[in-house]
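Some notes on the structure that comes next.
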Amino acid sequence: MPEKTTKKIVLTRTVTLPDPVKTAMCRKSPELGPRILFFSGGSALRRLSEKLVDYTHNSIHLITPFDSGGSSAVLRKAFRMPAVGDIRNRIMALADRSVKGNPEIFELFAHRLSKTDSIEELRARLEAMVRGTDPMIKRVSDPMRKIIRSHLGFFMDRSPKDFDLRGASVGNLILTGGYFNYRRQIDPVIYLFSRLVEARGVVRPIINADMHLVTELQDGTRLVGQHLLTGKEVPPIASPVKEVHLADDPAGFIPVEARLKDKVAARIKNADLICYPMGSFYSSLVANLLVKGVGDAVAAADCPRVYIPNQGHDPEEFGMELVDKVETLLGCLGKSCTSSVERRRLLQFVLVDSSRDAKAGPSEIAKVRRMGVEVIEAELVSEKSRPYLDPRRVIEHLVALA
């Protein structure tokens, strides 16, 4: 018999926001849920990700690996590797908490070593974990216990005797050990731990490279390193951001062009919805879009593209209105394309809160609409979540649009 041929056609449909029927279907069978793709990083999506698993097990999370603060900075400086902390956090947020043994794994991955113990005491603690005699390791069931011990062993073998373990995240050390075990490839480690904790979604770094985020402010200040921009470890910026780029040297003087891998591009192209979510605007969102080829993949996707602005205060957005953020997103996406594309192929909708806590006023919304981007106003803040966006309300709107 001749093979059947398939054909794609374009349909225009009316969508109810939120859609109770579609929400109910997703909650009944999340394993069949939509492929909602997020460009993100950091912790802003943690609560949403924890709730998202009730609606879909097919979400995709592309994470920035440029974090240069905290224990990630110590690991990156010592081993010239991408940051793994945000990847670890997202895997744990998507993990099935009902699986036997997962609570003990959560506790271990979230545990930080003492900031006051000596280096010798901290190494002795890790050695006890490798041997399997540490109480926290004992509580983890096999085969996860054996894998964790093995990966910590790889870390201990590679780390110098004077490596500063104070305040280190045990989860980051485990992933770093796996990174060495797999010959400096992070994707196999992510896949392994995602399977073991039964993460209900796919987590990947936007690129597997040791790069640094460089920010130039309008007053001429130059910041090399993500941690100098976020306002968490140092005072917040006092001048608007002029531009950001990636560099592969810690000095940050020479911009580099990172290129998107085909397998990551395929994830973007096959998404049912692309979301530019709330979070640190430049370090979590825009940083993802600096990779060459991201814009091409977004433009090739046959799905809605939605931006969700922050409801809370973001120090990185100093001096910016909603229209400035939309223009910045479109500009970065356009630059990451290898050829010119229509703006509507990069961003179609902005989803904003319309409750009394709304941050975007009528004049700002009108400016965005004049750019050709539709603004969807919806009550995204609940009494329970006020003044922040309610994760379930956001998810149910995304599910309806997908």
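For the sequence shown, the tail end lands on 454 under my numbering, and the numbers increase by one without skipping.
Idealized CB from N, CA, C, for every residue including glycine.
A quick note: this is a predicted structure, and the numbers were derived from the prediction, not measured.
Note that the C-beta distance between residue 108 and residue 72 is not below 9 Å.
When DSSP states are grouped into helix, strand and coil, residue 91 belongs to the strand group. Rounded to whole angstroms, the Cβ separation of residue 261 and residue 367 is 26 Å, and the two are not in contact under 8 Å. The C-alpha of residue 77 lies about 15 Å from the C-alpha of residue 67. Listed in chain order, the non-local C-beta contacts of residue 151 below 6 Å within the same chain comprise 250, local neighbours out to five positions each way being set aside. By the CB criterion at 9 Å, residue 233 and residue 202 fall inside the cutoff. Beta-bridge annotation (DSSP): residue 221 is paired with 164.
As a beta-bridge residue in DSSP terms, residue 359 pairs with 328, 402. The Cβ atoms of residue 299 and residue 266 sit closer than 9 Å to each other.
For the stretch 378-446, the continuous alpha helix (DSSP H) assignments of 4+ residues that do not extend past its boundaries occur at 414-422, in sequence order.
Its chain contains 431, 433 as the residues whose beta carbon lies nearer than 6 Å to that of residue 407, once the 5 sequence neighbours on both sides are disregarded; these appear in chain order. Closest by C-alpha distance to residue 293, out of 99, 275, 385, 362, is 275. If you draw a 10 Å sphere on the C-beta of residue 286, you find fewer than 16 other C-beta atoms in it, and that means exposed. Residue pairing by DSSP places residue 297 opposite 266 in a beta bridge. Between the stretch 434-441 and the stretch 380-396, the count of Cβ pairs shorter than 8 Å is below three; the stretches do not touch. Taking C-beta separations shorter than 8 Å and ignoring five residues to either side along the sequence, the partners of residue 148 in its chain run 105, 154, 249, 250, 251, 252, following chain order. The residue from 444, 361, 354, 446 with its alpha-carbon nearest to that of residue 63 is 354. As the crow flies, the alpha-carbon of residue 259 is around 8 Å from that of residue 116.
Here residue 110 has 85, 87 as same chain residues with Cβ atoms under 6 Å from its own Cβ, once five neighbours each way along the sequence are excluded.
Between residue 100 and the set 384, 343, 330, the nearest pair of CA atoms involves 330. In the three-state scheme derived from DSSP, where H, G and I count as helix and E and B as strand, residue 109 is classed as coil.
Considered as a whole, the stretch 131-216 harbours 137-146, 154-162, 171-183, 187-190, 196-210 as its complete alpha helix (DSSP H) runs of no fewer than 4 residues, in chain order.
Counting only residues of its own chain and dropping the five nearest sequence neighbours on each side, residue 123 has a CB closer than 8 Å to the CB of 137, 164, 219, 220, 221, 224.
Partner residues in the beta bridge of residue 115, as assigned by DSSP, are 92, 257. With a cutoff of 9 Å on beta-carbon distance, residue 359 and residue 296 are scored as not near each other. The beta carbon of residue 244 sits closer than 8 Å to those of 199, 230, all from its chain and outside the five residues before and after it, given in chain order. The Cβ-Cβ distance between residue 277 and residue 121 falls below 9 Å. Per the C-alpha coordinates, the member of 205, 97, 332 positioned closest to residue 144 is 97. Partner residues in the beta bridge of residue 344, as assigned by DSSP, are 311.
For the options 291, 323, 280, the alpha carbon positioned closest to that of residue 304 is the one of 280. For residue 248, the uninterrupted alpha helix (DSSP H) segment begins and ends at 239-248. The beta-carbon distance between residue 404 and residue 361, rounded to whole angstroms, is 6 Å. This is short enough to meet the 8 Å contact definition. The beta carbon of residue 128 sits closer than 7 Å to the beta carbons of 120, 135, 262 from its chain, once the five residues preceding and following it are set aside; these are given in chain order.
Between residue 374 and residue 385, the gap from beta carbon to beta carbon reaches 9 Å or more. Setting aside the 5 residues that flank it on each side, residue 182 is surrounded in the same chain by 201, 204, 205, 208, each with a C-beta closer than 8 Å to its C-beta; the list follows chain order. Nearest C-alpha to residue 327 among 175, 212, 176, 449: 449.
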